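In my numbering, the protein residues as written are 250 to 751. Glycine included, C-beta positions come from ideal geometry on N, C-alpha and C. Keep in mind the model is a prediction, meaning the values are calculated, not measured. Data first, discussion second: the structure below is written as structure tokens.
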């Protein structure tokens, strides 16, 4: 270490203090990689030491610098220019020639991901994704801006105070392989914010194609700063770490796997940044003793059309109704599996095997996974204390099933083992639904299918991300984060009487 105390090298075994009471030691691999100008992030929550190469640190720092400058510039621009941006962006995505180029690059991304045995269910930029992106941009265009608009006014004798909506600043995003997030997350511009993205390596080339062919030209055509939206053109995880460690972010938004999101959230919180995290997903359907069998079957069937975070993952069935509801559940799974081209899989919580037909544990089905086709049993046992495990499936619906004694047990299992995202109660008892609303620890509660949890579908606003309550309840906002929800409050005093005093 030099005299000015700047870290220039590491030694294997060097101790590092974590959280004030733990020591971790530098590994030989990290010591060998470290070069002058590199940075380290010591994560208190996980006791990990993360390495940020100098080039990555400079890339991210420069991006946030430019986004902050653009944020300041944007404050002087009228709302009409932001509306024009959404029109221009949507028109470019609607252009068949532009979309053909994006599709060509996306196809190459998909093929590379398949060669690596990676899931591509969220990666494919198909016509449905294109239409949803365009529709979302139109929604942002047509949504009245809340920027600099009053929320409330408190009148006093001789003076008043107004609460004014004001943008927050730079929003940092780390997403998995979803090309459509580039369109969805530009919603932060509607309220005057700017954005810096890091997207998963599988979708990076597709994201670059969208930026180059549609998003950046739309910014230019609307007269918005070129750096209002910045894509970090790096496949390195360290780019996401460095971004979330920058204390200048107004908000850090992460979507991906539970482990990666947990780490990113810890980095952001330790840097003092506000976070919106969505890692582990999976909805729960809980039936009670009064559940209507047809309604239950439809809820299961309509919650399994594709694998995303709000797909049903766990189904709780009262033992007293198993003879009726289990066949209905199996019918829904079978019909959905057939529609998607393959069978279905159920994981039965230990102690609940008796409600499932025995032959399903011995019958094989064809399962389509990211690395190809497999022969697997239709039903297998699963530890009853691991109900929160999220099944990642491609074209073969996959759920966990557990028998419960009553609604109270279903609520207890959800509150203790789920990622605290979405829960649906199938019941004909109005009082049960009222109790469920109060007792279930979830931000999203329904009485049917779980797939309604989506900003564009439910609120007519494309979502930037969903936040479950796995990391605690969220202060003063809903768990669907939308672009116009990223704001702070200014207070403005207006004196009528110039002699107001305390």
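A Cβ-Cβ distance of about 17 Å is found for the pair residue 502 and residue 557, leaving them out of contact under the 8 Å criterion.
The criterion of a C-beta distance shorter than 7 Å is not satisfied by residue 456 and residue 337. Residue 517 and residue 715 have their C-alpha atoms spaced approximately 17 Å apart.
Under the DSSP definition of a beta bridge, residue 690 lacks any partner. Counting only the Cα atoms, residue 360 lies some 40 Å from residue 273. Straight-line spacing of the CA atoms in residue 664 and residue 689 works out to 7 Å. The beta carbon of residue 386 sits closer than 7 Å to those of 335, 338, 339, 432, all from its chain and outside the five residues before and after it, given in chain order. Within the segment 499-579, complete beta strand (DSSP E) segments of at least 3 residues are found at 500-504, 524-527, 532-536, 561-567, given in chain order. A residue is called buried when at least 16 other Cβ atoms come within 10 angstroms of its Cβ; residue 670 meets this threshold and is buried. Cβ contact annotation for residue 704 (same chain, cutoff 7 Å, sequence separation greater than five): 710, 711, 712, 729, 731, in chain order. Residues of the same chain with a CB within less than 8 Å of the CB of residue 357, apart from the 5 flanking positions on each side, are 454 in chain order.
Taking residue 463 as the centre and dropping the five residues before and after it, the same chain places the C-beta of 338, 341, 342, 347 closer than 7 Å to its C-beta, in chain order. Residues of the same chain with a CB within less than 7 Å of the CB of residue 367, apart from the 5 flanking positions on each side, are 451, 619 in chain order.
Here residue 260 has 275, 280 as same chain residues with Cβ atoms under 7 Å from its own Cβ, once five neighbours each way along the sequence are excluded.
When DSSP reads this structure, residue 744 sits in a beta bridge with 408. For residue 624, the uninterrupted beta strand (DSSP E) segment begins and ends at 621-626.
Restricting attention to 458, 409, 662, 702, the CA atom closest to the CA of residue 552 is found in 702.
Shown here for residue 521: same chain residues with a beta carbon closer than 7 Å to its own, the five before and five after excluded, namely 496 in chain order. Between residue 333 and residue 471, the CB-CB gap stays under 7 Å. Counting of Cβ neighbours within 10 angstroms places residue 696 among the exposed residues, the total staying below 16.
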